[in-house]
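Chains as they are written, first to last, in my numbering: chain H, 1 to 607; chain R, 608 to 886; chain Y, 887 to 1220; chain C, 1221 to 1563; chain V, 1564 to 1848. Beta carbons are placed, not taken as given, at the ideal position from N, Cα and C, and that holds for glycine.
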Amino acid sequence: QELISNVPRKETLIIENPEGTIKNAGWFNIWAINAGGQSNGLHQLATDTFWYIDPNKGIDGVWDNSLASDKPIYNADFTEMTVKLRKGIFWSDGVEFTSADVLYTVETHMNTKGLRWSAPIQINVASITAPDPYTAVFKLKKPNSRFHALFTVRWNAMWMMPKHIFEKAGDPQKFAFNPPVSLGSYTLNSFDPNGKWFIWQKREDWKRTTLARFGEPGPKYVAYVDAGPPDKRVIAQMNHQLDIIHDTSPEGMFTMAKQAKFSHGWFNTFPYAHPDPTLAAVIFNNQNELLKNRDVRWALALLVDIKAVSMASYRGAASISAIGVPPTGSHPENYHIPMESWLKTFEIDTGKRKIKPYDPGVGKQIAEMLRPSLKDQIPSTPADIAKGFGMGWWKPDPVAAAELLERAGFKKVGAQWMTPDGKPFTIKITVEGEARPVMTRAGSMVAQQWRQFGIDAAITVAQGTLNDRRAAGDFDAIISWSVETWGGHPDLSFFLDSWHSQFVAAPGQPQPPRNWQRWSSPELDKVIEEIRTVGFDDPRGVELGREYVKLAVRDMPSIPLMAYNVFTVMDDTYWTGYPNAVTAPYTDPVPNWGNTKYMMVKLKPKQ
Amino acid sequence: MTAALLELRNVVRSYSKGGLFGRSARAVDDVSFEVGANGPEILAIIGESGSGKTTLARMILGTVRATSGLIRFKDFDLARVRNRKQRMDFMRQVQPIFQNPFEAFNPLTRLDRYLLSTARHFADARTDEAAAAASDAALRKVGLSLAEVKGRFPHEMSGGQLQRVAIARALIGSPSLLVADEPVSMVDASLRTAIVDLFRKLRDELGVSIIYITHDLATAYSISDRVVIMRRGVVVEAGEARATLDHPQHPYSIELKAAVLSPDVFPVVAPELASPDPL
Amino acid sequence: MKSYAAYLLRRFGQFVLVMFIGMNVAFVVTHATPIDPVEQSIAAATSFGSTSPEAIAMMRESLRELYGLQGGIWEQYVGFWKRVVVLDFGPSLSAFPTPVSTLIWRALPWTVGLLLVSTAITWVLGNLLGGLAGYLHNNRTLNVTGLLVMGFHPIPYYIVALLLLIVFGYVWPVLPITGGAQMNMARGWNFDFVVSVVKHSVLPVLSLVMVGLGGWFMGMRSLVSNIVSEDYVVYAELGGVAKSRILRSYVMRNALVPQVTGLAMSLGGIFNGAIITEQVFGYPGIGALMIDAVHAGDYSLVLGLTSVSIVAVSAAVLLIDMLYPLLDPRVKLA
Amino acid sequence: MTTVSQARPVVEVSRLRAYYQTHQFGVQRDVRAVDDVSLKVMPNEIYGLAGESSCGKSTLIKTIAGAIRPPLKVQGGHVVFNFGGREMDLYQSTPEALDAIRWKHLSYVMQGSMGVLNPVRRVKHSFVDFAYRHIHKPMPEFMALVRHHLGRVHLGPEVLEAFPHELSGGMRQRLAIALATVCKPELIIADEPTTALDVIVQKGVLGMIREVQRELKTSMIFVTHDMAVHAHLCDRLGVMYAGRLIEEGATRDIFNHPRHPYTTHLIASLPRIGSTVAIKALEGAPPNLADPPKGCRFHPRCPLAMDICQQQVPAFAEVAPGHRVACFAVNPVAVAEPVEVAA
Amino acid sequence: MLKILRDLLRHNRGFAGGVFLLGFVLSIAALSFVSPYNPLDSYVVPPDMPPGWPHVLGTTSRGQDVFWMLTFAIRNTLAFGLLVALISRVLSLVIGLVAGYAGGWVDRLLMSINDTFIVIPLFPILVLFYFVMRDKMSWVALAGVMACLGWAYDARLIRSVAMSLRTREFTETSIFSGMSVPQILVKEHLPYVLPIVFSTTMNNINWSIGLEVTLSVLGFTDINTPTIGSMIYWANQHTAMVAGVWWWIAFPVALVIMTFLGLFLLAVSMNEFIDPRSRLGRGKE
Ligand SMILES: Nc1ncnc2c1ncn2[C@@H]1O[C@H](COP(=O)(O)OP(=O)(O)OP(=O)(O)O)[C@@H](O)[C@H]1O
Ligand SMILES: Nc1ncnc2c1ncn2[C@@H]1O[C@H](COP(=O)(O)OP(=O)(O)OP(=O)(O)O)[C@@H](O)[C@H]1O
Ligand SMILES: [Mg+2]
Ligand SMILES: [Mg+2]
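Written out as structure tokens, the structure is:
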């Protein structure tokens, strides 16, 4: 019996939806907050907006004008943004997409509280006008050089609403939008009321969508399914019942690489994984009395042996980063490589002496460590090694760490470090647990290293409370990420803007997202303020970004570890043409990204 | 006239009968009598099977509550027994011997437990030795010894042995009232005589009153002072034992007496057995 | 008549009381959660997007308003009871504005179907085997079966489920390993769909039965080993009553009373769902809903689910108490 | 009873020994409840069994009925049935063969028979379970027959619908009797079946038993402590003491001429209504069967005890036609053969 | 006492088997005290080694020796299961016996409390407890909570037996022998319910270990403490099952099965021992 009834397997692409089961499956109104699923194909295949920035090389460069026909056009002081729209784009019910839809979308968000993008629109937009059906003009309340980011897809962005549907629907928050009217190349075919699967179907008029510029989408049907626990995903793909696994454990990946000859990852060989433009780090709570002191944070950083962490978390398949920028996309060219010489000379004063903590060879050491067991799976050129494993990192230096701690007033009594007020130095690393196994493994290794040094360290699994605890600053250290970037574009404001000290919450109060470490630095504030005044593509932006990197290295508000690697596994049995790090880095394979719509046009059925 | 040891006035007990939606039926219906009004005595209760004798005994023991009516022991209303001390006082003076010896002991417990516990609580035995001695003494009165009983479980004993253990247990604490529900039904004639003699001795020498429920009219006749005859929950006749049994008045009592089998069938009556309805 | 009616009335009062206390505990417990549904929504809505801190503050406020969380705990408590009385648990907070009841009713039939079947099979089989093993305690085959059953019992359910999945889904792929029915199949009472549902339930049921059997088995076995030495069993054996009849009507029938109690309670318990089964086999059901709701701090949904379960279990307990006199005629209705 | 049948006995017990053997925690203890007993029961005969409490009557009866459950063990001897001309050695037969004769040819009422009914089933089901397969009649006829039979023990048909706990002890005992007699077997073994009955009912029940027995020429072994019942019911009487038969003979002979000192005492001590003479109970305690006295087991309590009684076991030998006694005072020369040791 | 044990060992094969299995498991647990490794440390041995020498049961993907991990895990899991069982047994016995014995309003009150515990769904409570307790969530705390939630069902079962025991005549005999209520409950009624207690204890231990594993699989326990559950948790995180590291799961599971079978055999033979009717009966077979 076929896996899916009434749909030929050969014409179907089956993808894991990491959201799992969508409990409110019949809800497709993506503008209401979290009422239904979104990476069930909805925001990959059915919605669209002005621009996309690719985390990798992009299908036609990193920047793609999707619904917009051009880049955003700002006035000189960034108080007005004009968008030119493409012509000939139609909703799946045959209505043309025009600036009226844009107007409707923005005005609905201006007039309704509690839609997903209501707040940023209401804060930024003074008014919107549509001088003609293919132009929309935003008047902003205050200068904002990054306003277009709201409509630029990195994973997702503010999607366009079909005016002709929603204006008849009444309260936009209570409307299920079922069946959804699509602006992408696919429409909904059917879905499971219990939220286990969603099947999308290529539009007859796929030519009237933005994707048509790149050709015809390959799969006639795309199914997004709840694939179950990690072991089961692996089994499903080995049975060729799941074309794309969103993520599996490193061990699962290795098994597939060994046993399933049609399965492969983003890299065909080690380390397989796709590094998301997301920087996993040991984030300190900088408001914590003990951790307020930079010396303490640096001491803890110098106790981390990144090689062991890489082994424990990803079994070596990690791309490490010593600085506060993920080593992915275009970032190594903009940050890691140019800054290496600075890093090599960077010194810290332990109180007793000065040391140069940077070790440029760590990436290579990891590669060499793995080579005996993995042989030619391990790349040999320094460039490839850097790409796969990252470059340098901080050399473990317990002696310097001890000196730093002593300078901060800590004392070692027996085997145990004591705080300045004589209590045992206890530190708990909060990890998410089940939902992020690899991060949990990293945290547990870091804790072990601290513990072996005489600090009473352990992990604590937060599970569902992670969001609350992270927001409330209810942790000593947490394995998470406060740095997320575009990946393909060097601009750092995506996360950096919210690191301004004006937004740091008082202890106990909820901290707005991103600056989880609650770090405030007047020097950084200056950098951020300047970024706000320069354009998105201005080369000055990169220089300012490097300033940030230096400040973050000096203060070590959080210990950068590695990119968030995702072991997306793709099966060639039915489809070929998946994105690939070496031969086809046209987009990110991680299928819950909105950007993965580009994959559809590259996929070809296997004969 | 001294106050009666035990007094029952208009005692009624009804049970709901027959499954979920049954009516209630009176197992004991308006029974009144006294025990020990004129010094220690043995009161025999005889009557039909199912006539409420056991139920009556249980009400006297306080293990079944009377639906209505009054039961007083030494001028104390049994319905007012509340705390453990009152109960213990009561049990020190009133002890039961239950009808079915196979049911009266926990099959999972050794028999001596009951004896020793009784000795400790009601015979003021302070030490293990004293308790054992008291138990042994009581067992010897019924033709057993502690050595024979110790460590044995109920199913290792014969019916008569169990019945005797039950009697011995009741005797340990020298109570002033014994409620004996068919105490010798499973004992041979010789032993039965011995036990009945024991009851008599208890009454005469120790001043124990005994309620003696039985189907054996012969022993009832030989030891009891008064007799109560019951049928279907009602007392049909009561009075001085010998007079009543010699000359029963109520038709049921007459029938009862007539039905008693006599061992003296030989040689006179033997051919009768050949007749189709001999009994 | 009178006494049974009085008993019923008293028992019903107890039922209402238990439900009331239970619901209150559920309310307190769910509201004690440190998870704030608003924070969860915000985290989910913003974790992949660019986020300006001012926008977040604004969003927080409007969500609080939207979810109706501004009132004090007392107002929420009163509101809760008002809704319980009309059997409406309000909108889910993590799938706002879909009503909680919609979410529950969508998942419930699957859970109930699956667990009803597996509980029934487990109960019957477990008792049968346990009864046989207790009665024929020297039978070799039965002793080996017993050890086997008991051997499966302690294996963590997750492992059993996954092993079955590997064996029947990969090594010897004869059975579907995921979902409640084939994807994209028209639902309804047609043959194909029913066959598909049955096929998809085989592995979940099998796993539940394998693991669950031991409990009933052991209970029955120990009950029976007590009953076989009762007089009426011995006597029936002496009477040459057929062994099968003795086992059925004498031994098992007497042991059944406590086992039925257990059955009723586990039937009530099926409203709690089978979390791991649902997870491993991708089976639709309310267990997953519960986990999801707990994680999302969606106390409307948690409360809805707990209330359903509380009502179901207390009703089941009430039912056994009402049926008790039928099962064991000796029990008095005092 | 006057006609001593020349036919083959229904059951013949020879040199039967049955001990309660407990190996509890290393120590073995034998209670010699039945020690070298031989007896025969003829067709159409009621054989009474009397004796002191705990002398082993129930054990003997259990052994004859094949109701052996550990710790009771048969150590030696035979029990041979003869139903319809077919001989069958109880302890050499298969369980299936035994099941086949139970209730059809052989039924048994155990002591304390109030507890033998399944507490959760209505009484009628017990009748069906035990008897239906032997009475080859359709169900309605069978039930009619049962109802009729219950009438004989003074029970109304409504008890069939009752649960056992709803009935008084006496009613349950009558049910047990009815259950054992309904199939009209050739041999009924009854252990104190009337202890809980009042005299009126008892009389009726005994009448019923007698009637059934006459009608069908059934044989019966009947244990009771009530000598009056023996006197009225039994053809022959065996008296046991401490695990052994000590006297056996026609009921009349035993009542009129008891020979063994224990029997003499037993007959003499019968209470009689209307008599006020104090009866003397037997001196001394019943022997402990785990460690019985050497020689004649009665000698410690025997008024006629001689030296030989302490040394030798008296043989159970015929002293008059159909009358056997085991006593040196009656039969000074008969010494029992030692029992062979069980394999 | 010793004699009883020796006799049981000699005559009852089930008992001997149970003792042997449990003895084996316990000695494994005892070995944890001489473990050369700290159970918290990972990557102390080469990862993913199949069973062999020197790592007899292989090593995990976390670089831990399975055998020595197992000594800790089984120790903690056993302690956990026993603690839960102990506390909940005491509760269910006391409440079940008292309710069944006392009857009337005492019974109704106790059963109302009891039923409340039965009807409240376990899972949200445990998870919530986990969320609230956070770092203080040790296995002892979890055991306490589970014990408090795990007695009600069995109390009802025990009560149903106690109710009928109350009506048995021997209870009256005990009362009239001057025994106090606790004495009657403990000495007279307890032996009757012991078979049920044994089987429910087993079920309870199994339930608690199972729930601990379930909670672990779902990630709601203290994964710093090595238990069977946390071993499986980590194995899952490394997809040990599909990665072919079967020894990481098989041996812990095997040990749990051994524990359980040992308990089962003990319970069965103890049942027979407690009932003197069957004890004597089966002695020789
Ligand atoms: N628990 C009970 N529930 C219902 N009816 C009962 C109960 N106990 C006794 N009865 C009924 O009450 C009546 C009297 O019973 P009781 O046991 O007192 O009789 P008895 O005189 O002792 O009889 P016997 O001589 O047979 O022992 C009987 O009809 C019996 O069925
Ligand atoms: N299961 C047993 N284990 C050990 N000894 C037992 C067992 N059953 C009975 N006995 C002992 O065997 C002896 C004979 O018992 P039995 O029941 O045969 O006596 P009985 O003659 O029927 O007495 P009664 O007339 O009192 O019923 C008694 O001493 C008794 O204690
Ligand atoms: Mg009675
Ligand atoms: Mg007897």
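Heavy atom of ligand 1 within 7 Å of Thr-1763(V) beta-carbon: Exclusion of Thr-1763(V) from the 7 Å shell around ligand 1 follows from its C-beta lying no nearer than that to any non-hydrogen atom of the ligand.
With C-beta atoms as the reference, is Thr-866(R) less than 8 Å away from Ile-1493(C)? Checking the sequence shown, residue 866(R) turns out to be Ala, not Thr. At least 8 Å separates the beta-carbon of Ala-866(R) from that of Ile-1493(C).
Give the DSSP-derived three-state secondary structure of Gly-646(R) in the structure shown. strand
DSSP three-state label for Tyr-272(H), please. coil
List the residues of chain R whose Cβ lies closer than 9 Å to the Cβ of His-1385(C), in chain order. Neighbours of His-1385(C) on chain R: none; closest Cβ ~11 Å, over 9 Å.
For a minimum of 4 consecutive residues, which ranges assigned as the alpha helix (DSSP H) are wholly contained in the stretch 1135 to 1213 of chain Y? 1139 to 1155, 1161 to 1167, 1172 to 1182 and 1185 to 1213
Under the three-state DSSP convention, the category Phe-1347(C) falls into: helix
Just to confirm, are His-1354(C) and Trp-1323(C) a CB contact at a threshold of 8 Å? With contacts defined as CB atoms closer than 8 Å, His-1354(C) and Trp-1323(C) qualify as a contacting pair.
State yes or no: is the C-beta of Val-1373(C) within less than 8 Å of the C-beta of Ile-1397(C)? yes
Taking 8 Å as the CB-CB cut-off, is Ser-1082(Y) touching chain A? Structure shown: chain A not included; protein chains present are H, R, Y, C and V.
Go through its chain and collect everything with a Cβ distance to Ile-455(H)'s Cβ below 7 Å, but skip five positions before and after it. Trp-417, Phe-425 and Ile-427
Kindly indicate which residue of His-1452(C), Glu-1557(C), Val-1299(C) and His-1445(C) has the alpha-carbon position closest to the one of Met-1428(C). Looking only at His-1452(C), Glu-1557(C), Val-1299(C) and His-1445(C), the smallest Cα-Cα distance to Met-1428(C) is reached by His-1452(C).
Comparing the C-beta of Met-369(H) with each C-beta of chain V, is any distance below 8 Å? no
Return the first residue and the last residue of the beta strand (DSSP E) that Ser-816(R) is part of. 816 to 820
Could you tell me whether any non-hydrogen atom of ligand 4 is closer than 7 Å to the CB of Ser-765(R)? yes
Distance check for Ile-33(H) and Thr-1822(V), CA to CA, integer angstroms please. Near 50 Å, if we compare the C-alpha coordinates of Ile-33(H) and Thr-1822(V).
Which residue comes first and which comes last in the alpha helix (DSSP H) that contains Gly-1581(V)? That run of the alpha helix (DSSP H) goes 1576 to 1594.
Distance CB(Phe-705(R))-CB(Ala-773(R)) smaller than 8 Å: yes
Under a three-way DSSP split, which group does Asn-6(H) fall into? coil
Can you find the residues in the same chain that come closer than 8 Å, C-beta to C-beta, to Val-1256(Y), ignoring five residues on each side of it along the sequence? Any question about residue 1256(Y) goes unanswered here, given that chain Y covers just 887 to 1220.
If I measure Cβ to Cβ from Asn-609(H) and keep anything under 7 Å in the same chain, skipping five residues before and after, which residues do I get? Past the boundaries of the shown model lies residue 609(H); chain H is included only from 1 to 607, so the question cannot be answered.
Would you say Val-1143(Y) reaches chain V, if we count a Cβ-Cβ gap shorter than 8 Å as a contact? yes
With a cut-off of 5 Å, give the chain-ordered residues whose Cβ is closer than this to any heavy atom of ligand 1. Tyr-622(R), Ala-634(R), Ser-656(R), Gly-657(R), Ser-658(R), Gly-659(R), Lys-660(R), Thr-661(R), Thr-662(R), Ser-1388(C), Gly-1389(C) and Gly-1390(C)
Return yes when at least one heavy atom of ligand 4 lies under 7 Å from the C-beta of Lys-1277(C), else no. yes
Among Ala-1006(Y), Gly-1125(Y) and Asp-1178(Y), nearest to Gly-1098(Y) - alpha-carbon criterion: Selection Ala-1006(Y), Gly-1125(Y) and Asp-1178(Y) evaluated against Gly-1098(Y) yields Ala-1006(Y) as nearest (Cα-Cα).
Within 10 angstroms of its Cβ, does His-274(H) collect 16 or more other Cβ (buried), or is it exposed? Taking every protein chain shown into account, the CB of His-274(H) has 16 or more other CB atoms within 10 angstroms, so this residue is buried.
Quick one: is Tyr-1056(Y) near chain H, going by C-beta distance under 8 Å? yes
Determine the DSSP secondary structure at Glu-289(H), reduced to helix, strand or coil. coil
Along the stretch 1165 to 1186 of chain Y, where does the CB come closer than 7 Å to a CB of chain H? Name the residues. Gln-1165, Val-1166, Gly-1168, Pro-1170, Ala-1174, Leu-1175, Asp-1178, Val-1180 and His-1181
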